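One structure is given here, and the rest of the page talks about it.
Residue numbers (this note's numbering), protein chains in the order written: chain A, 42 to 255; chain B, 2 to 375.
Following this line, the structure appears as structure tokens:
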């Protein structure tokens with residue numbers, strides 16, 4: 042049976058994806074079209090995850106499969122052919138070492154064409170802000186799993202406010218234990234306990250920004 | 002007439018009503034010191050058993066041998082957080098699971114450290130797994146703690162034999178989560194080899210603890226994220242269910258209870274865990290599972306050991322919020338027995354101590370059978 046590139050992502054064909062992408066290139070399919078097909082597969086994976094048909098391990102394997110496909114595809118793009126959709130700095134909050142969810146979110150964001158600056162784990166509020174300024178980010182993504190580390194997000198927001206640059210960045214807090222009230226408690230723009238939802242929100246923000254520029 | 006704690010817990014495990022709801026508690030070092038200060042007591046044992054009325058003594062478990070020489074970093078780490086090196090995290094040391102011990106994250110937060118090396122991560126052949134030498138269970142002193150705990154507590158309390166991380170959590174700690182997860186999909190032989198290696202070791206530990214006289218065998222496997230299982234349930238059923246069944250068969254045959262701890266939402270596998278032989282489920286995490294639904298569906302088969310939310314109510318709620326949550330739990334879950342209560346996990350630094358105090362005061366006031374909630 043013929044496996045489409047989109048299906049190959051949905052079915053996590055990790056061992057076969059390189060050959061499938063090569064085959065599509067040899068057949069004359071444009072790299073951009075291949076990328077679109079792969080992304081559509083990843084969108085289906087995201088939807089299946091939201092419906093709880095797919096699990097975190099499936100999401101991870103689909104993201105790994107996508108990563109493999111992109112490694113094959115990347116050298117075939119012309120310079121400037123892929124434009125960044127938006128820029129995000131992302132990291133686990135100071136005191137927090139959990140990064141599994143954050144790393145999956147990064148894979149999904151990269152696959153959807155965002156420019157991602159991964160600050161790693163145990164990142165201080167001040168570093169989030171200084172790095173966001175340095176790379177001229179659109180979005181700051183904070184990952185915090187522990188109830189003891191989430192309140193530090195307020196320090197990050199206070200730092201942005203005290204520098205008078207709060208409006209320059211959208212701030213999203215994510216983590217398995219994050220409560221929806223966190224928007225009110227810490228002053229972030231969005232708070233999610235599900236990575237796929239977080240990616241959707243970030244995609245909608247960059248879309249909004251793109252439309253506002255038009 | 003007041004019952005002994007042992008009788009109390011046994012009664013509830015047999016799905017009958019004891020004198021009151023059995024209680025547990027898990028506090029980080031900071032919260033522990035705040036509670037001691039609040040109640041004006043000097044030592045943890047007095048706080049836990051005399052003041053809070055907890056029903057669970059420290060568990061019997063494998064410790065490092067008597068002649069074991071820990072690294073300076075590790076000893077310094079243990080001193081800093083006030084734990085005993087041979088029993089605290091010695092298993093990580095002996096298995097070669099390295100963490101950055103110089104940086105303790107979150108004040109009072111023992112256990113929150115950065116993994117820096119998963120010793121089986123770079124193994125590529127099944128034969129390499131087969132050749133790994135596991136800690137020697139016959140080493141002198143290996144069972145010192147288990148012996149002490151059983152001797153000290155068995156008369157008055159049910160004693161738990163702790164296996165700890167057995168298959169999933171131990172598997173990813175040794176192999177690295179990304180690699181282990183990938184094994185489950187594309188490197189089946191490696192996944193099987195790792196799990197079989199761990200299973201045979203855990204079976205041995207289990208047998209010794211049972212022979213020594215523990216009443217409960219407890220495993221801590223964190224299977225759930227906030228919304229679902231870490232891995233696809235089909236993979237869970239293929240790799241893990243048969244091995245849990247084989248492991249739990251040992252205590253079941255010996256008339257010893259099986260206690261299963263997993264954080265997160267594991268609702269889809271509760272029925273399977275019961276098939277495997279569990280008697281107690283903990284913590285039925287209140288933020289993401291519905292203990293009332295679990296009780297109504299499986300309450301005749303398992304004891305629910307849940308607790309007040311350490312993610313939501315205890316750190317962020319008011320005293321009234323805590324009282325309300327505790328009363329709801331007692332009202333809905335306590336009747337008929339098969340119920341134990343406490344904190345849903347470790348209470349962390351920053352949690353208002355008065356909320357923790359309210360939790361236990363409410364339990365003592367309203368957790369007496371027959372249950373009467375205003």
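Just so you know, even glycine gets a beta-carbon here, dropped at the ideal spot from N, CA and C.
Please read all numbers here as calculations on a predicted model, not as lab measurements.
Between the beta-carbon of residue 100(B) and that of residue 115(B) there is about 6 Å, and that keeps the pair under the 8 Å contact cut. Residues of the region 93 to 109 of chain A whose Cβ lies closer than 8 Å to any Cβ of chain B, in chain order: 93, 95, 96, 97, 98, 99, 101, 102, 105.
Of the candidates 286(B), 208(B), 243(B), the residue whose Cα lies closest to the Cα of residue 225(B) is 286(B).
The Cβ atoms of residue 162(B) and residue 220(B) lie no closer than 8 Å to each other. Excluding residues up to 5 positions away in sequence, 200 lie with their Cβ nearer than 7 Å to the Cβ of residue 247(B) in the same chain. The shortest C-alpha to C-alpha distance from residue 74(B) to any of 62(B), 59(B), 91(B) is the one to 91(B). Assignment of residue 261(B) by DSSP, reduced to helix, strand and coil, places it in the strand class.
If you check each beta-carbon in the region 219 to 237 of chain B against every beta-carbon of chain A, the ones closer than 8 Å belong to 226, 227, 228, 229, 230, 231, 232, 233, 234, 236. Beta bridge pairing from DSSP links residue 231(A) with 213(A). Within the region 43 to 58 of chain A, the residues whose Cβ lies closer than 7 Å to any Cβ of chain B are, in chain order, 53, 55, 56. Here the alpha carbon of residue 194(A) sits roughly 14 Å from the alpha carbon of residue 173(A). Within the DSSP secondary-structure output, residue 116(B) pairs in a beta bridge with 100(B).
Annotated three-state conformation of residue 350(B) is coil, per DSSP. For the region 141 to 157 of chain A, the set of positions with a beta-carbon nearer than 7 Å to some beta-carbon of chain B reads 141 in chain order.
The region 273 to 337 of chain B is shown to contain whole alpha helix (DSSP H) runs of 4 or more residues at 292 to 299, 314 to 317, 320 to 334, in chain order. Residues of the region 296 to 325 of chain B that bring their beta carbon within less than 8 Å of a beta carbon in chain A comprise 311, 312, 313, 316, 317, in sequence order.
Per DSSP, reduced to three states, the secondary structure at residue 176(B) is helical. Classified as buried, residue 176(B) has 16 or more neighbouring CB atoms from the shown chains inside 10 Å of its CB. With a cutoff of 8 Å on beta-carbon distance, residue 198(A) and residue 161(A) are scored as not near each other. Taking 8 Å as the CB threshold, residue 235(A) lines the interface with chain B. Cβ-Cβ distances below 8 Å link residue 99(A) to 53, 86, 89, 90 in the same chain, with the five nearest sequence neighbours on each side left out; the list follows chain order. A Cβ-Cβ separation of about 5 Å places residue 110(A) in contact with residue 58(A) under the 8 Å criterion.
DSSP lists 342(B) as the beta-bridge partner residues of residue 24(B).
Taking the CA atoms as reference points, residue 325(B) sits about 43 Å from residue 119(B). For residue 70(B), the three-state secondary structure derived from DSSP is coil. Among the residues facing chain B, residue 111(A) is not included, as its CB has no counterpart in that chain under 8 Å away. When C-beta distances to chain B are compared with 7 Å, the residues of the region 212 to 231 of chain A below that value are 217, 218, 220, in chain order. Taking CB atoms only, residue 349(B) has a neighbour in chain A less than 8 Å away.
From the listed residues 13(B), 142(B), 5(B), 38(B), the smallest Cα separation to residue 67(B) is found for 142(B). No Cβ of chain B is located within less than 8 Å of the beta carbon of residue 184(A). One thing to note: residue 372(B) has its Cβ within 8 Å of the Cβ of residue 336(B).
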